[in-house]
Every structure is written in C-alpha cells, then in structure tokens.
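See structure below.
Numbering (this note's numbering), first residue to last: 883 to 1056.
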C-alpha cells in the first residue's frame, strides 16, 4: 500500500507517487464442489497484545477502547501502533484511522467458458458501493460463496487505509 496518510490510500497505489506496488490482490477459484463453496480468510495473529490481527507494528501493544471496531464515533483509539478496522463494510474517511479489504469485482474473462456462480459477501462487495471491512480477531470470515461449481472466477481484492493525525509512524503489517 505504500505510505498511508490522513487522506487515505486505496489499492492499487501508483509506485511512482507513494511507494506502493501498483497492484490489487486476487484469488482465483476453480472447484467441482456441486453443492458450492465458501472462500474466506483468518487474520494472522501477530505478537504483542490486543487486536493481534490488525494492521500494526509487529510486537506493539494495542490499546482497547470503546468503539475500536467502528469508525467515526470519536471513541476508537488512534494513538497506538495498531490500525482500527470495521467488521462491517465502512467507507474510508479522511483522518479517521481505518484499515480494511474489499472485493472490487469478480473477473470472469480468464477463460472461454467461465461460470458465473461466485457471489461476494455483503461486507466485501464493493461492486455498487465502496466500503472496507477487516475482522482482525482470527475468526474465519467469508468473502465469497457459491451454491454450485465454479470455474475460472477471480475475485479482485482492494485494500484501503487511512491514518489519523495521531497515528504513530512505523512499518505496519497485517
């Protein structure tokens, strides 16, 4: 993602202007599971204390506060070395600390006969409205599902983050 400031950064980030890598994330699905499938993630739990799956400086102590997993309510902590994240789809807002992921769209053009069975989960569907979510506690979280077989369907993932003016500098990882 490169340098994250208080105006917000959303992938892909131009490598020429912000030290980003100019790329989105992606996962491709091919499955003969006739009853469908579920694709999701579990945030890696890092060292340190509190909110170990957030975008954070490795080994940092994250301060808990009322409203940590919400944005814009003024009670989330934004002075530790751990980014806040919303567990439900939330827009990136300038100067309100947040990190999240979204499904930008489903690419079904990688083969001559792809299926159209994969659907993005509501909290990760930015095909009509933009928003980002990230469940940092290590709970398995669904990003996409299907009710039948899937062939050559790729979900293009976007990541977004914004720092508060009080967010300490550092090398943050998720």
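The beta-carbon is built from N, C-alpha and C at its ideal position, and this holds for glycine as well.
Residues near residue i in its chain [Cβ-Cβ closer than 7 angstroms; skip 5 each side]
i, result
"residue 998", "990"
"residue 963", "938, 939, 942, 1050 and 1052"
"residue 1007", "985"
"residue 931", "943 and 944"
Coil, strand or helix - residue i by DSSP
i, result
"residue 923", "strand"
"residue 1005", "helix"
"residue 964", "strand"
"residue 884", "coil"
"residue 1021", "coil"
"residue 987", "strand"
"residue 913", "strand"
"residue 936", "coil"
"residue 1028", "strand"
Buried or exposed by the 16-neighbour rule on C-beta atoms within 10 Å, applied to residue i
i, result
"residue 949", "Reliability of the predicted coordinates at residue 949 is poor, the pLDDT of 48 falling under 50, and no value is obtained from them."
"residue 978", "buried"
"residue 982", "buried"
"residue 1029", "exposed"
"residue 908", "exposed"
Cβ-heavy atom distance, residue i to the ligand ZN, below 7 angstroms
i, result
"residue 910", "This structure lacks the ligand ZN, and indeed carries no ligand of any kind."
8 angstroms contact criterion, which residue i and residue j should meet: CB distance rounded
i, j, result
"residue 1035", "residue 988", "6 angstroms"
"residue 1048", "residue 967", "That pair is no contact at about 17 angstroms."
Other residues of its chain near residue i: CB distance less than 6 angstroms, five sequence neighbours each side excluded
i, result
"residue 910", "1036"
"residue 928", "934 and 940"
"residue 1005", "970, 971 and 1015"
"residue 1056", "937"
"residue 919", "913 and 1028"
"residue 1009", "987"
Original post:
Just checking, does the segment 1034-1045 make contact with the segment 884-894 on the three C-beta pairs under 8 angstroms criterion?
Top reply: yes
Original post:
Using 8 angstroms as the Cβ pair cut-off and three pairs as the minimum, do the segment 1011-1028 and the segment 918-927 touch?
Top reply: yes
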